[in-house]
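Colleague: In the working numbering, the protein residues as written are 1 to 504. The beta-carbon is built from N, C-alpha and C at its ideal position, and this holds for glycine as well. This structure is a prediction, so every number in the text was calculated from the model and none was measured. The following block contains the structure, expressed as structure tokens.
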Ligand SMILES: Cc1cc2nc3c(=O)[nH]c(=O)nc-3n(C[C@H](O)[C@H](O)[C@H](O)COP(=O)(O)OP(=O)(O)OC[C@H]3O[C@@H](n4cnc5c(N)ncnc54)[C@H](O)[C@@H]3O)c2cc1C
């Protein structure tokens, strides 16, 4: 009954408004969405497609974040696409990453497929019409637009772009200075002569502190607990050596990717096989960069095992140099509350500040805040079970790119792109217009687990939003391992006709 009412409503919408149809609609023009567009154009050249993004340009994360020093913390040989060589330094600024993405768009004539300032508010699947209806609003004109698509490729990332996550501390409203979140960095913020406190201990804080040290009166990194860091030169010796031999960039890209991946695999493996020894080595690496008066046990000795949270790479040890040179200091304590002039700590100490930067993380956002319905029923995403961590039970013709946290996000974006293109070709070969993951009889007794294994990896924003996320099963194709080495075998080999995908 409800379904019939919904499809009547969809028909009514289609009669009364102009609907533009595409075979595939890609949500998001970040690194995943641009990669998806490239793969679609090269692997499924007959498919029509459009990329919609709420922002005014491409880049996603690398456009949103404009705080001083913004840079990757993965190497660009693996954060870059498989298909386009990276020729710069391994750690890249947001500007360099956007320039690289811009070249991909230009070289492959993708620009004409992308529409900016289109915020999608709803997506409704109709089994009767075998298509999605997508409602979007032009953020510049307010115009309401309607699209339909045979397949929805979700490249919307995992956090809310409009604002970051800032905890509520008592007295924040009393503070006479400015409180800013790195995600919404004010263009007019002048730090010259200011005392700055950066709250946080992750990659953002580690990037921001050296970028502003020496340009403000003093910067204090205030953390509740320490993080693991790795330092090294922002250079790749193997790449430099191969370049010296005039090896073609395509070869260098592939060889260096393999080397980086092998090194990362060894590090992850060590974090399981000998976590204490690895922790000791990481901490010793930091200690070597700091003057003896810095209390490394207190400020740089994490309480968890390495890799339970992302290990931040500090290129050229710039964070530690800032501490060494006296421009920056580290305080490990808890916030009791804000005062008119700074922060009161639980130890009783006070930090005077003119500007407080809350590098306290992201606001996890599921499916881009898009209201999904399937045949008129709201999608309860947390009740679904994932198929290879990219499709979801009961959700037809939709794939989501959710990358890695321990390895570069783009490694998975490339793998999923291959998969989606293979699936689309497979559907055409079968004459199917609908594909929906469904638990088979043999899967129904399977034990279900959260989207992520929190024992394995547990950053704050994932923990905060876990209840919103789909479940995973205990076996293929229902597992989400967050492991590139599994996925790179499993996804290309996934049997599209094993009964877990139902075609209509
Ligand atoms: C500061 C920072 C540094 C990072 N560094 C690394 C790193 O070094 N290595 C790594 O692997 N990962 C890193 N990450 C994780 C990073 O987010 C991903 O690697 C990657 O950039 C995500 O790309 P994406 O295209 O999937 O999503 P995003 O970059 O989040 O882009 C999603 C796009 O979708 C659009 N969108 C979302 N919802 C809608 C909607 N409803 N309507 C229209 N458009 C919508 C957004 O406007 C956005 O442009 C970092 C993240 C941050 C925040």
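Nearest by alpha-carbon distance to residue 492: which of 388, 475, 432 is it?
Modeller: Position 492 of the chain shown holds residue 492. For residue 492, the nearest C-alpha among the options comes from 388.
Colleague: In the DSSP assignment, what are the bridge partners of residue 372?
Modeller: If you number the chain shown from 1, residue 372 lands on position 372. Beta-bridge pairing links residue 372 to 123.
Colleague: Would you report the Cα separation of residue 208 and residue 427, rounded to the nearest angstrom?
Modeller: Translated into positions along the chain shown, residue 208 becomes position 208. Translated into positions along the chain shown, residue 427 becomes position 427. One C-alpha to the other measures close to 47 angstroms.
Colleague: When you compare each of 69, 503, 351 to residue 438 by their alpha carbons, which one comes out closest?
Modeller: As a working mapping, residue 438 is identified with position 438 in the chain shown. Among 69, 503, 351, the Cα nearest to that of residue 438 is on 503.
Colleague: Could you tell me which uninterrupted beta strand (DSSP E) segments, each at least 3 residues in length, are contained entirely in the region 401–463, listed from first to last along the chain?
Modeller: For the region 401–463, whole beta strand (DSSP E) runs of length 3 or above, ordered along the chain, are 435–437.
Colleague: If you follow the alpha helix (DSSP H) that residue 485 is part of, which residue opens it and which one closes it?
Modeller: For this step, residue 485 is matched to residue 485 along the chain shown. Per DSSP, residue 485 belongs to the alpha helix (DSSP H) from 484–493.
Colleague: Is it a yes or a no for the region 141–156 touching the region 355–368, going by three-plus beta-carbon pairs under 8 angstroms?
Modeller: Yes, they touch.
Colleague: Could you tell me the alpha carbon to alpha carbon distance between residue 253 and residue 229, rounded to whole angstroms?
Modeller: In the chain shown, residue 253 corresponds to position 253, counting from 1. In the chain shown, residue 229 corresponds to position 229, counting from 1. Rounded to whole angstroms, residue 253 to residue 229 spans 26 angstroms at the Cα level.
Colleague: For the alpha helix (DSSP H) containing residue 233, name the first residue and the last one.
Modeller: Counting from one through the chain shown, the residue named residue 233 turns up at place 233. Unbroken run through residue 233: none, as it is neither H nor E.
Colleague: Tell me, please, which residues DSSP counts as bridged to residue 83.
Modeller: To locate residue 83, count along the chain shown from 1; it is residue 83. Bridge partners of residue 83: none, in fact.
Colleague: In terms of residue numbering, what span does the beta strand (DSSP E) encompassing residue 172 cover?
Modeller: Taking the first residue of the chain shown as position 1, residue 172 is located at position 172. That residue, residue 172, is in no beta strand (DSSP E); it is neither H nor E in DSSP.
Colleague: Residue ranges of each alpha helix (DSSP H) run of no fewer than 4 residues wholly in the region 147–197, ordered along the chain?
Modeller: The qualifying runs do not exist here; there are none.
Colleague: Can you name, in chain order, every residue of its own chain whose Cβ lies under 6 angstroms from the Cβ of residue 64, other than the five neighbours on each side?
Modeller: In the chain shown, counting from the first residue as 1, residue 64 sits at position 64. Cβ within range, chain order: 161.
Colleague: Assess contact between the region 16–29 and the region 40–55, defined as three or more Cβ pairs (one per stretch) separated by less than 8 angstroms. Is contact present?
Modeller: These segments touch.
Colleague: What separation, rounded to the nearest whole angstrom, lies between the Cα atoms of residue 3 and residue 373?
Modeller: Translated into the one-based positions of the chain shown, residue 3 becomes position 3. Translated into the one-based positions of the chain shown, residue 373 becomes position 373. With a pLDDT of 49 at residue 3, under the threshold of 50, the modelled position of this residue cannot be trusted; read the value that follows with caution. For residue 3 and residue 373, the distance between alpha carbons rounds to 11 angstroms.
Colleague: Pull up the distance between the alpha-carbon of residue 109 and that of residue 79, whole angstroms please.
Modeller: For the purposes of this step, residue 109 is taken as the residue at position 109 of the chain shown. For the purposes of this step, residue 79 is taken as the residue at position 79 of the chain shown. The alpha-carbon atoms of residue 109 and residue 79 are separated by roughly 22 angstroms.
Colleague: How many Å lie between residue 328 and residue 222 at the Cα?
Modeller: On the chain shown, residue 328 is found 328 positions in, with the first residue counted as 1. On the chain shown, residue 222 is found 222 positions in, with the first residue counted as 1. Roughly 11 angstroms separates the two Cα atoms.
Colleague: Consult DSSP for residue 133 and reduce its assignment to one of helix, strand or coil.
Modeller: Numbered from its first residue, the chain shown carries residue 133 at position 133. Note: residue 133 maps to strand in three-state DSSP.
Colleague: Would you list the one or two residues that DSSP bridges to residue 138?
Modeller: As a working mapping, residue 138 is identified with position 138 in the chain shown. According to DSSP, residue 138 bridges with 118.
Colleague: For a quick check, are the C-beta atoms of residue 114 and residue 31 less than 9 angstroms apart?
Modeller: Taking the chain shown and counting its residues from 1, the one referred to as residue 114 is at position 114. Taking the chain shown and counting its residues from 1, the one referred to as residue 31 is at position 31. No; because the gap between Cβ atoms is not below 9 angstroms, this pair is not in contact.
Colleague: Inspect the beta-carbon positions of residue 234 and residue 315 and report whether they are closer than 9 angstroms.
Modeller: As a position in the chain shown, residue 234 is number 234, starting the count at 1. As a position in the chain shown, residue 315 is number 315, starting the count at 1. Yes, these two residues count as a Cβ contact at 9 angstroms.
Colleague: For residue 227 and residue 302, which I take to be in contact (beta-carbon distance under 8 angstroms), what is that distance rounded to the nearest angstrom?
Modeller: The residue you call residue 227 lines up with position 227 of the chain shown. The residue you call residue 302 lines up with position 302 of the chain shown. With 8 angstroms as the limit, residue 227 and residue 302 qualify as a contact, their Cβ atoms being about 6 angstroms apart.
Colleague: If you measure from the beta carbon of residue 349 to each beta carbon in chain D, is any gap under 9 angstroms?
Modeller: Any reference to chain D falls outside this structure, which holds one protein chain only.
Colleague: What's the call for residue 71, buried or exposed, on a 16-neighbour Cβ count within 10 Å?
Modeller: Position 71 of the chain shown holds residue 71. The residue in question, residue 71, is buried, as its Cβ has 16 or more Cβ neighbours within 10 Å.
Colleague: So the beta strand (DSSP E) residue 210 belongs to, where does it begin and stop?
Modeller: Here residue 210 corresponds to residue number 210 of the chain shown, with the count starting at 1. Segment 203–212 is the alpha helix (DSSP H) holding residue 210; no beta strand (DSSP E) there.
Colleague: Would you check if the region 345–355 and the region 240–253 touch, i.e. whether three or more CB-CB distances between them fall below 8 angstroms?
Modeller: With a cut-off of 8 angstroms, the region 345–355 and the region 240–253 do not count as touching, because too few Cβ pairs lie within range.
Colleague: What are the partner residues of residue 328, as DSSP defines its beta bridges?
Modeller: As a working note, residue 328 is residue 328 in the chain shown. Bridge partners of residue 328: 219.
Colleague: Let me confirm a value: residue 487 is counted as buried when at least 16 other C-beta atoms fall within 10 Å, else exposed. Which label applies?
Modeller: Your numbering for residue 487 matches position 487 in the chain shown. So residue 487 counts as buried.
Colleague: Apart from the five residues just before and just after residue 408, which ones in its own chain have a Cβ nearer than 6 angstroms to its Cβ?
Modeller: Indexing the chain shown from 1 puts residue 408 at position 408. Within the same chain, residue 408 has close Cβ partners 74, 78, 79.
Colleague: Answer yes or no: the CB of residue 104 versus the heavy atoms of ligand 1, is any distance below 8 angstroms?
Modeller: Taking the first residue of the chain shown as 1, we reach residue 104 at position 104. No.
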